[in-house]
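Asker: Residue numbers (our numbering), protein chains in the order written: chain L, 1 to 410; chain B, 1 to 410. Take a look at this one; I'll ask things after.
What follows is the structure, encoded as structure tokens:
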């Protein structure tokens with residue numbers, strides 16, 4: 001099937017999930033979860049075929065690799081979705097006009113959600129689960145490197161739904177993993193929204209090529225601003241946590257912005273603690289004048305999401321300079337201030353133009369589960385539609401229902 | 001100034017409006033309204049220069065032309081915006097996590113809104129007003145045909161703001177009205193959102209070229225479904241109103257979908273009434289077999305937003321066929337059913353995939369004022385972010401503010 005044919009097939013079957021009741025959708029999630037563990041062998045065999053021809057290095061190989069425990073984790077994620085409230089059908093507001101029209105704004109699924117992602121087969125099942133619960137048909141365009149794994153996961157889930165009498169054709173996986181296929185996907189009229197999940201280059205390529213509405217996710221060049229009044233006993237654990245707890249994720253800190261007076265008092269101890277954790281610290285001239293453990297930073301380091309044990313340091317004088325620097329360099333994901341000055345904390349919250357702005361806490365909390373929204377499709381770094389963690393509600397739209405008795409406009 | 005420089009200038013001054021209080025924004029609206037009427041001569045002189053070199057026909061010329069009364073109308077629109085509630089700063093939700101983080105979701109302006117539109121200078125002032133009240137910087141890219149008029153309107157408003165001590169540089173008009181300039185605008189990193197207002201071809205070109213988030217507005221191939229049980233005494237005025245009250249607007253009806261039994265009883269009378277109003281009626285073979293006053297429709301007529309005194313007729317058998325036909329041909333704007341069958345009315349409301357779905361009322365009500373939202377930036381026909389009439393709230397985003405006391409993620 002061509003990309004357009006596959007998307008049209010998903011759209012033609014979208015009502016199978018859009019009009020399902022919450023209990024039907026929960027049953028589909030249970031069936032999918034059970035099927036993944038019951039047929040783990042089939043999925044692992046497919047994954048082995050992918051791994052056998054994979055040659056792109058160990059870090060990416062680890063993201064591609066499945067095992068029984070990872071499959072169990074994915075299945076558990078699907079089960080947890082059952083407990084989240086279904087957003088579809090919510091009456092967001094209602095009123096009656098002077099002419100007697102009853103107007104309701106009602107939450108509805110998007111329709112068909114396209115997901116384009118890299119060689120991480122767990123995303124396949126996660127995305128299916130989120131789309132089922134939010135009532136959306138889904139078209140998955142995974143990486144060619146994970147094609148066998150993705151195909152097995154989709155086949156196992158669709159078979160399980162079909163066996164219990166559900167129409168599973170609202171779930172579609174693209175066979176075409178070529179670049180041309182990706183471009184066709186990004187322009188496919190049957191998609192209501194396209195969500196790229198993955199690297200900055202995937203997201204950029206999607207923005208370049210897409211004509212369907214896109215939700216940009218994930219890139220996080222996150223900053224921590226250590227303000228002059230910061231309590232070092234809070235600053236140290238926050239910085240260590242935000243940088244080292246899981247450096248490969250988008251909410252990890254990539255840059256420290258430090259007031260000069262705080263730097264003079266504490267930067268060397270902070271850098272030493274970071275280096276003890278294996279972190280490479282690069283910085284501007286003033287930071288290196290204060291602390292010899294800092295290597296020279298290139299200008300582009302301040303624009304880079306390292307996703308690794310590396311951090312940049314910039315010395316500033318005061319909140320205005322810090323905020324301007326952060327707004328210039330950040331990707332609009334998550335930024336934190338460490339301060340004991342309540343007024344500056346509020347100024348930072350107001351003036352930083354990012355999805356999540358923290359006072360005295362680690363940026364690592366930017367996450368659907370941590371925010372109490374449950375599973376997430378990603379972290380939006382754009383301002384249209386959704387910003388920050390995108391859960392089930394962010395996978396819906398709304399429509400206006402207007403009930404009259406013959407009204408015409410005068 | 002280049003397009004990018006102009007957009008950067010708007011962004012650099014965005015806080016001048018983003019951080020203004022509601023009373024400051026209301027004062028700006030009053031000043032702008034007063035200035036437009038006080039300097040109507042200057043604007044009309046500029047408009048005359050545009051009209052003198054305009055050669056694209058009378059209908060478009062009428063959209064370009066200003067006069068005292070039109071300027072007064074635009075000024076009145078700005079004054080009315082003062083009464084609408086300012087959405088910025090609203091705490092949409094708040095909660096405290098188990099670890100003690102206080103999380104607030106707060107409504108904020110987008111930042112910089114780009115508007116690209118055709119030779120309608122009233123849009124210039126409307127867009128400025130909506131952006132002022134929603135706290136957004138605005139970059140206007142009007143048509144070259146209206147450049148003198150737009151420049152005069154922007155100059156008059158900015159001068160009035162500056163005289164009273166407001167920084168007006170959050171309002172920018174592009175000097176470059178070329179196609180290359182438009183493409184540069186659509187890819188400009190300083191824009192948070194781009195809204196095309198105008199013809200289907202402008203919107204399509206924006207979707208093709210934009211890398212910044214777009215809100216698609218306006219195209220309305222709106223349908224009215226006359227169901228078998230419809231009351232002809234309701235159907236006739238609804239159809240006449242939706243087609244003829246103002247045929248050039250996006251919420252006018254373009255297509256009638258008629259159950260065969262209703263058609264046999266009433267179509268000839270309906271067509272005769274439409275023709276009396278000057279409407280050209282085209283239809284499929286079955287409709288022409290029933291009523292001789294219907295001309296043959298080409299397949300593309302059913303996909304066309306006529307924006308004129310012309311309507312297409314399609315005969316169907318039952319609601320399923322009607323709904324499938326409408327979802328296939330509509331642009332997702334506004335559709336209505338006329339019926340006395342409550343069950344089919346609810347089915348239509350549920351299954352039609354459009355921004356506004358009506359029972360027994362004219363599609364002409366799809367409008368921010370009619371819905372009680374006040375002035376609108378347009379009617380969104382996409383599902384991302386905003387759907388249907390876009391008022392002030394739809395010109396905002398949100399961000400998460402998280403206040404902690406040293407929390408780190410474990």
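Note that CB positions come from ideal geometry on N, CA and C, so glycine has one too. None of the values given here were measured: they were computed from a predicted structure.
Nearest CA to the CA of residue 104 (chain L): which residue from B:388, B:396, B:392, B:410?
Answerer: Residue 104 (chain L) has its Cα closest to that of B:388, out of B:388, B:396, B:392, B:410.
Asker: Should residue 262 (chain B) and residue 226 (chain B) be called a contact, given that it needs their Cβ atoms to be closer than 8 angstroms?
Answerer: A contact, by the Cβ cut-off of 8 angstroms.
Asker: With 8 angstroms set as the bound, which would you pick, yes or no: does the beta-carbon of residue 95 (chain L) sit closer than that to a beta-carbon of chain B?
Answerer: At least one chain B Cβ lies under 8 angstroms of residue 95 (chain L).
Asker: At the level of alpha carbons, what is the spacing between residue 6 (chain L) and residue 88 (chain L)?
Answerer: Whole-angstrom Cα-Cα distance: 25 angstroms.
Asker: Which residue spans inside the stretch 307-376 of chain L form an unbroken beta strand (DSSP E) run of at least 3?
Answerer: Those beta strand (DSSP E) runs which fall completely within the stretch 307-376 of chain L and span 3+ residues are 310-316, 334-338, 356-361.
Asker: So with Cβ pairs under 8 angstroms, would you call residue 85 (chain B) a contact of chain L?
Answerer: Not closer than 8 angstroms to any Cβ of chain L, the Cβ of residue 85 (chain B) fails to qualify, so no.
Asker: Taking DSSP as the reference, what is the three-state secondary structure of residue 229 (chain L)?
Answerer: In this structure, residue 229 (chain L) counts as coil in the three-state DSSP scheme.
Asker: Tell me the start and end of each unbroken beta strand (DSSP E) in the stretch 179-238 of chain L that is at least 3 residues and wholly inside, in chain order.
Answerer: Listed in chain order, they are 193-197, 222-226.
Asker: Could you tell me the alpha carbon to alpha carbon distance between residue 406 (chain B) and residue 234 (chain L), rounded to whole angstroms?
Answerer: If you take the alpha carbons of residue 406 (chain B) and residue 234 (chain L), they lie about 5 angstroms apart.
Asker: Residues in the same chain with beta-carbon distance under 6 angstroms from residue 125 (chain B), minus the five sequence neighbours each way, listed in chain order, please.
Answerer: Once the five neighbours on either side are set aside, the close Cβ partners of residue 125 (chain B) are 74, 153.
Asker: Indicate whether residue 297 (chain B) and residue 316 (chain B) have their beta-carbon atoms separated by less than 8 angstroms.
Answerer: Not closer than 8 angstroms, so no.
Asker: Check the DSSP bridge columns for residue 171 (chain B) and list the partner residues they point to.
Answerer: DSSP lists B:138 as partners of residue 171 (chain B).
Asker: I'd like to know whether the C-beta of residue 362 (chain B) is nearer than 8 angstroms to at least one C-beta of chain L.
Answerer: With 8 angstroms as the cut-off, residue 362 (chain B) counts as an interface residue toward chain L.
Asker: Does any residue of chain L have a CB that is nearer than 8 angstroms to the CB of residue 232 (chain B)?
Answerer: With 8 angstroms as the cut-off, residue 232 (chain B) does not count as an interface residue toward chain L.
Asker: Where does the unbroken beta strand (DSSP E) through residue 259 (chain L) begin, and where does it stop?
Answerer: Residue 259 (chain L) -> beta strand (DSSP E) spans 253-259.
Asker: Taking the Cβ atom as the reference point for each residue, do residue 134 (chain B) and residue 381 (chain B) lie within a distance shorter than 8 angstroms?
Answerer: No, they are not a contact pair.
Asker: How many Å lie between residue 202 (chain L) and residue 144 (chain L) at the Cα?
Answerer: So the two alpha carbons sit approximately 14 angstroms from each other.
Asker: CB-CB under 7 angstroms to residue 54 (chain B), same chain, minus the five flanking residues each way: which ones, in chain order?
Answerer: Cβ within range, chain order: 61, 64, 145.
Asker: Closer than 7 angstroms between beta carbons: that is the criterion. Which residues of the stretch 238-267 of chain L meet it against chain B?
Answerer: Taking 7 angstroms as the Cβ-Cβ cut-off against chain B, the residues of the stretch 238-267 of chain L that qualify are 238, 241, 245.
Asker: Hey, which unbroken runs of the alpha helix (DSSP H) at 4 residues or more fall wholly within the stretch 78-160 of chain L?
Answerer: Counting whole runs of 4 or more residues, the stretch 78-160 of chain L contains the alpha helix (DSSP H) stretches 121-134.
Asker: What's the C-alpha gap between residue 213 (chain L) and residue 410 (chain L)?
Answerer: Taking the straight line from one Cα to the other gives about 35 angstroms.
Asker: List the whole-angstrom C-beta distance separating residue 363 (chain L) from residue 224 (chain L), where the pair is believed to meet the contact cut-off of C-beta under 8 angstroms.
Answerer: About 7 angstroms separates the two Cβ atoms, so the contact holds.
Asker: Around the Cβ of residue 32 (chain L), are there at least 16 other Cβ atoms within 10 angstroms (buried) or fewer (exposed)?
Answerer: That one is buried.
Asker: For chain B, check one thing: does any of its Cβ atoms lie closer than 8 angstroms to the Cβ of residue 213 (chain L)?
Answerer: Residue 213 (chain L) counts as touching chain B.
Asker: Quick one: grab the DSSP three-state call for residue 56 (chain L).
Answerer: Of the three classes helix, strand and coil, the one that applies to residue 56 (chain L) here is coil, per DSSP.
Asker: Note down, in chain order, every chain B residue with its Cβ under 7 angstroms from the Cβ of residue 45 (chain L).
Answerer: Going along chain B, no residue has its Cβ under 7 angstroms from residue 45 (chain L), so there is no contact; the nearest lies around 36 angstroms.
Asker: Reducing DSSP to helix, strand and coil, say where residue 380 (chain L) ends up.
Answerer: The answer is strand: DSSP assigns residue 380 (chain L) an E or B state.
Asker: Which residue or residues does DSSP assign as beta-bridge partners of residue 417 (chain B)?
Answerer: In the structure displayed, chain B extends from 1 to 410; residue 417 (chain B) sits before or after that span and is not available.
Asker: Please work out which residues of its chain come closer than 8 angstroms, Cβ to Cβ, to residue 275 (chain L), disregarding the five sequence neighbours upstream and downstream, and give them in chain order.
Answerer: Correct list, in chain order: 281, 293.
Asker: Can you pull the chain L neighbours of residue 208 (chain B), defined as C-beta to C-beta under 7 angstroms?
Answerer: Result: 211.
Asker: When burial is assigned at 16 or more other CB atoms within 10 Å of the CB, is residue 1 (chain B) buried or exposed?
Answerer: When all chains shown are included, residue 1 (chain B) counts as exposed.
Asker: Residues of the stretch 168-202 of chain L in Cβ contact with chain B at a cutoff of 8 angstroms, in chain order, please.
Answerer: Correct list: 192, 193.
Asker: Compute the distance between the beta-carbons of residue 411 (chain B) and residue 219 (chain B), then report whether it is under 8 angstroms.
Answerer: Beyond the ends of chain B as shown, which are 1 and 410, falls residue 411 (chain B); an answer cannot be given.
Asker: Between the alpha carbons of residue 161 (chain B) and residue 139 (chain B), how many angstroms are there, rounded?
Answerer: Residue 161 (chain B) and residue 139 (chain B): Cα-Cα distance of roughly 17 angstroms.
Asker: Comparing C-alpha positions only, which one of L:9, L:100, L:119, L:149 sits nearest to residue 40 (chain L)?
Answerer: Nearest C-alpha to residue 40 (chain L): L:149.
Asker: Taking one C-beta from the stretch 184-203 of chain B and one from the stretch 98-115 of chain B each time, how about it: are there three or more such pairs within less than 8 angstroms?
Answerer: Yes: the two stretches touch, three or more of their Cβ pairs being nearer than 8 angstroms.
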